[in-house]
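Enquirer: My questions will all concern the structure given below.
Protein chains: 2
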Amino acid sequence: MRIGIDAMGGDHAPAEPVAGALAAREMLKEGDRIVLIGDEKAIREKLAATPNWAEWIEICHAPENIGMDESPVVALRQKPNSSIAVMAEMQADGRLDAGISAGSTGAFVAASQMRLRRLRGAHRPGIAVVAPTFHGPVVICDVGANVNCRPTHLYQYGVMASVYSKSICGIKNPRVGLLSIGEEDAKGTDLVKQTRALLKADKRINYIGNVEGRDVFGGVVDVMVTEGFVGNVMLKLMEGMAGGVMKSMLKELVSEMPQLAEKVMRAAKAVAVRYDYNEYGGAPLLGVGGISIICHGASDYRAIKNAVRVVEEYSRQQVNEQIAELLADGAEAQ
Amino acid sequence: MRIGIDAMGGDHAPAEPVAGALAAREMLKEGDRIVLIGDEKAIREKLAATPNWAEWIEICHAPENIGMDESPVVALRQKPNSSIAVMAEMQADGRLDAGISAGSTGAFVAASQMRLRRLRGAHRPGIAVVAPTFHGPVVICDVGANVNCRPTHLYQYGVMASVYSKSICGIKNPRVGLLSIGEEDAKGTDLVKQTRALLKADKRINYIGNVEGRDVFGGVVDVMVTEGFVGNVMLKLMEGMAGGVMKSMLKELVSEMPQLAEKVMRAAKAVAVRYDYNEYGGAPLLGVGGISIICHGASDYRAIKNAVRVVEEYSRQQVNEQIAELLADGAEAQ
Chain A
1 MRIGIDAMGG DHAPAEPVAG ALAAREMLKE GDRIVLIGDE KAIREKLAAT
51 PNWAEWIEIC HAPENIGMDE SPVVALRQKP NSSIAVMAEM QADGRLDAGI
101 SAGSTGAFVA ASQMRLRRLR GAHRPGIAVV APTFHGPVVI CDVGANVNCR
151 PTHLYQYGVM ASVYSKSICG IKNPRVGLLS IGEEDAKGTD LVKQTRALLK
201 ADKRINYIGN VEGRDVFGGV VDVMVTEGFV GNVMLKLMEG MAGGVMKSML
251 KELVSEMPQL AEKVMRAAKA VAVRYDYNEY GGAPLLGVGG ISIICHGASD
301 YRAIKNAVRV VEEYSRQQVN EQIAELLADG AEAQ
Chain B
1001 MRIGIDAMGG DHAPAEPVAG ALAAREMLKE GDRIVLIGDE KAIREKLAAT
1051 PNWAEWIEIC HAPENIGMDE SPVVALRQKP NSSIAVMAEM QADGRLDAGI
1101 SAGSTGAFVA ASQMRLRRLR GAHRPGIAVV APTFHGPVVI CDVGANVNCR
1151 PTHLYQYGVM ASVYSKSICG IKNPRVGLLS IGEEDAKGTD LVKQTRALLK
1201 ADKRINYIGN VEGRDVFGGV VDVMVTEGFV GNVMLKLMEG MAGGVMKSML
1251 KELVSEMPQL AEKVMRAAKA VAVRYDYNEY GGAPLLGVGG ISIICHGASD
1301 YRAIKNAVRV VEEYSRQQVN EQIAELLADG AEAQ
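Going down the list, the protein sequences come from chains A and B. Numbered per my numbering, the first sequence finishes at 334, counting up by one with no gaps. Numbered per my numbering, the second sequence finishes at 1334, counting up by one with no gaps.
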């Protein structure tokens, strides 16, 4: 398969995306190739230290770049030669089997929605993020693709994220929870109540009921279904806490025990790995007719390399085919 | 003033509410009294070890109790003699100047909304929680009183929480942020966009723009405005992370350095105090014509004692009068 990587996307581009493409060689099956999309000169510079790069990497020149603060739709229209626009075009016409970007999430989602066909039966694509917790990975869907959610969208997120949890995280019978503000049936918004009925009716999903924000870390769910606005707030909040709070806490610990600074930091590092988004290889946009993996803007080469791993697994497990089948059957059942 | 405490509310009732009432003596002004509402026999038992309790405490017998899992409205109707219902009635007819409960938040909010008049000019009450962060206290409003939010409700939360931040947290010119999923004007739901216009138009508020979930911990805002569903998810998520993650992290640190267990734990405790909700004295229900302070279900005596401190400060600073004045002027201006 041919896997595209946006070389210009993210806070550390092109260095980290290119380093990720180099490191990803070990993830590839025989015959697979990586296509770096972006400014050719800049990419070549970063590849220069690895003389044999051409054995698994190609370059596709895309001179324009979409900034993090640009309006996605406007930017895509004004910059048809941006790395994100070119990559989506290549995915759409079959020159790429998958796309990976750590650039503007909005632009990447919009490009995927505009250029790739929607996955058969899927109403709205949703971004599924794997939150690392001490009890294992929890897939949260959606975290920001869709802020005008209807019950069928949320229901489908439950179906799609279940398949993802099973296929990519290796959870046998993923427990699906619907995020609300209380565990009782009676609580929550109309959206929650209507979605609950749909999830409950589908016996192919292991729907365990409504859950609360704290349950992400409680080991009670493997999949958490929520609308994009709320999911995005959760994601950012977790990042803020993991970053700010943990760091401050360690600083305080060290200041109390300066002689142990090194040991504390080493132990903390071991812990932090479990919470490191770079280890999880990006978030798929579920529901599009292709494989689009969104990486965090702060991604380093490991995140890009892990995204390649996810792409390979996604393809091998036929995640999209599984989802389409479930959605087709679900539509008949209802 | 006369301050009511629900002796039956919370995971550790009646022991902790009663202990809180005893400890709160030092918070009271001359002539102030605390009224413990609940099962008289159980309350007397807990007071027995303090012979002079009657110097500042009274008891009001309320034989019924509303459980955490009961539907608030149904429970209030079926249990008119529950501690929460009796307390609200006493607030409404002037026998109490304030009410404090660590019991069912839903029932307490519903009772306050039904029995207390709405504060002049306020459309919908909102719960304001003080989130302890390393950069100082951040007031988040609403965290669950109102899940059918309109732009005017959100705008008023900004006004009310600003007054609270200034008066109770001592922040001079509180920076108000509107929670969204991106900092740009164009992002977010219609609710966010319409609220943004209202906040921007009111020059008496220090509105700094849209903020994201991570900004709670970033030291950029003192007040975060959000609808109840999202605010509640945030609150629970923070609790889950602070509890589960921190504990797991410390456990791991200790297992890496068993000989230092005691030191690590002592240092950690010093840190944890900053994140301890018990130190913050509960969350006011802003927008009702009275003082209702909601405590966490897991509250210990310190939380109850601190809630009494908040009540005294709330009254001294005339928080409700300030809010009513701002809302009245705002209505004219618009």
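C-beta: ideal position from N, C-alpha, C; glycine also.
Any beta carbon from chain C within less than 7 Å of Gly-1209/B's own beta carbon?
Expert: Checking the listed chains, one finds no chain C in this structure; the protein chains it contains are A and B.
Enquirer: Determine the chain A residues that contact Thr-1189/B at a beta-carbon separation under 8 Å, and present them in chain order.
Expert: Here the neighbours are Val-147, Asn-148, Phe-229.
Enquirer: Under 7 Å Cβ-Cβ, which residues of chain A neighbour Met-1234/B?
Expert: Chain A residues near Met-1234/B: Gly-213, Val-233, Leu-237.
Enquirer: Taking 7 Å as the CB-CB cut-off, is Met-257/A touching chain B?
Expert: So yes, Met-257/A belongs to the interface.
Enquirer: Do you know offhand how far Pro-72/A's Cα is from Ile-323/A's?
Expert: Approximately 27 Å between the Cα atoms of the pair.
Enquirer: For Pro-1017/B, which of helix, strand or coil comes out of DSSP?
Expert: DSSP places Pro-1017/B in helix when its eight states are reduced to three.
Enquirer: Pick helix, strand or coil for Glu-212/A, following the three-state DSSP scheme.
Expert: Glu-212/A: coil per DSSP, three-state reduction.
Enquirer: Checking contacts by CB at 7 Å: is Lys-29/A closer than that to chain B?
Expert: No, its Cβ sits nowhere closer than 7 Å to a Cβ of chain B.
Enquirer: Using the C-alpha atoms, what's the distance from Val-1310/B back to Met-1027/B?
Expert: Rounded to whole angstroms, Met-1027/B to Val-1310/B spans 9 Å at the Cα level.
Enquirer: Write down every uninterrupted run of the alpha helix (DSSP H) in the region 1116-1168 of chain B whose length is 4 residues or greater and which is fully enclosed by it, in chain order.
Expert: DSSP runs (the alpha helix (DSSP H)) wholly in the region 1116-1168 of chain B: 1151-1168.
Enquirer: Flag Lys-263/A as yes if its beta-carbon sits less than 7 Å from any beta-carbon of chain B, otherwise no.
Expert: So, interface residue.
Enquirer: Per DSSP, what kind of secondary structure is Ala-283/A in: helix, strand or coil?
Expert: Ala-283/A falls in the strand class under three-state DSSP.
Enquirer: Around the C-beta of Ala-19/A, are 16 or more other C-beta atoms found within 10 angstroms, so that it is buried, or is it exposed?
Expert: Flag for Ala-19/A reads buried.
Enquirer: Give a yes or no on whether 7 Å exceeds the smallest Cβ distance from Gly-1158/B to chain A.
Expert: So, not an interface residue.
Enquirer: With distance defined between alpha-carbon atoms, name the residue in Lys-1079/B, Gly-1290/B, Arg-1196/B, Gln-1259/B nearest to Glu-1312/B.
Expert: Answer by Cα proximity: Gly-1290/B.
Enquirer: Provide the residue span of the beta strand (DSSP E) that contains Ile-37/A, from first to last.
Expert: Unbroken beta strand (DSSP E) run through Ile-37/A: 33-38.
Enquirer: Pick helix, strand or coil for Met-1/A, following the three-state DSSP scheme.
Expert: Coil at Met-1/A, not helix or strand.
Enquirer: For Val-1175/B, which three-state DSSP category applies?
Expert: Rather than Val, the amino acid found at residue 1175/B in this sequence is Arg. Arg-1175/B: strand per DSSP, three-state reduction.
Enquirer: Just to confirm, is the Cβ distance from Glu-40/A to Ile-57/A under 7 Å?
Expert: Contact: no.
Enquirer: Exposed or buried, which one is Glu-212/A when buried takes at least 16 other CB atoms within 10 Å?
Expert: It is buried - the Cβ of Glu-212/A has at least 16 other Cβ atoms within 10 Å.
Enquirer: Below 6 Å CB to CB, which residues in the same chain sit around Pro-137/A once its five sequence neighbours on both sides are set aside?
Expert: Val-130, Cys-169.
Enquirer: Between Gly-289/A and chain B, is there a C-beta pair that is closer than 7 Å?
Expert: Output row for Gly-289/A: interface = no.
Enquirer: Going by the beta-carbon positions, is the gap between Gly-1103/B and Met-1087/B smaller than 7 Å?
Expert: Cβ distance not < 7 Å, so Gly-1103/B and Met-1087/B don't count as in contact.
Enquirer: Taking three-plus beta-carbon pairs below 8 Å as touching, is the region 1003-1017 of chain B in contact with the region 181-201 of chain A?
Expert: Judged by Cβ distances under 8 Å, the region 1003-1017 of chain B makes no contact with the region 181-201 of chain A, as fewer than three pairs qualify.
Enquirer: With 16 as the cutoff for other CB atoms within 10 Å, does Glu-1332/B come out buried or exposed?
Expert: With a pLDDT of only 43 at Glu-1332/B, under 50, the local geometry of the prediction cannot be trusted, and the value read off the model is given with reservation. Answer is exposed; the Cβ neighbour count stays below 16.
Enquirer: Taking a contact to mean a Cβ-Cβ separation below 7 Å, would you say Leu-1286/B touches Gly-1126/B in this structure?
Expert: For Leu-1286/B and Gly-1126/B, yes; Cβs fall inside 7 Å.
Enquirer: Is Ala-1048/B buried or exposed, if buried means 16 or more other CB atoms sit within 10 Å of its CB?
Expert: Looking at its Cβ environment, which holds fewer than 16 other Cβ atoms inside 10 Å, Ala-1048/B is exposed.
Enquirer: List the endpoints of the continuous alpha helix (DSSP H) containing Ala-1201/B.
Expert: Segment 1190-1201, the alpha helix (DSSP H) holding Ala-1201/B.
Enquirer: So if DSSP puts Met-265/A in a beta bridge, which residue, or which two residues, is it bridged to?
Expert: According to DSSP, which records beta bridges pairwise, Met-265/A is partnered with nothing at all.
Enquirer: In terms of residues, what are the limits of the alpha helix (DSSP H) holding Met-1234/B?
Expert: It spans 1228-1240 - the alpha helix (DSSP H) in which Met-1234/B sits, taken as one unbroken run.
Enquirer: With a threshold of 7 Å between beta-carbons, can Gly-144/A be considered close to chain B, or not?
Expert: So, interface residue.
Enquirer: Return the residue from the list Asp-222/A, Gly-31/A, Arg-115/A, Ser-83/A that minimises the CA-CA distance to Ser-162/A.
Expert: The residue with the shortest Cα to Cα distance from Ser-162/A is Asp-222/A.
Enquirer: Among Ala-1201/B, His-1296/B, Val-1139/B, which one has its Cα closest to the Cα of Thr-1226/B?
Expert: Residue Val-1139/B is the option with its Cα nearest to Thr-1226/B.
Enquirer: Leaving out the 5 sequence neighbours to the left and right, which residues in its chain are closer than 7 Å to Ala-111/A when beta-carbon positions are compared?
Expert: Within the same chain, Ala-111/A has close Cβ partners Leu-76, Ile-84, Ala-85, Ala-88.
Enquirer: List the DSSP bridge partners of Met-1257/B.
Expert: None, per the DSSP bridge assignment.
Enquirer: Is it right to say Asn-173/A is buried, meaning 16 or more other beta carbons lie within 10 angstroms of its own, or is it exposed?
Expert: It is exposed - the Cβ of Asn-173/A has fewer than 16 other Cβ atoms within 10 Å.
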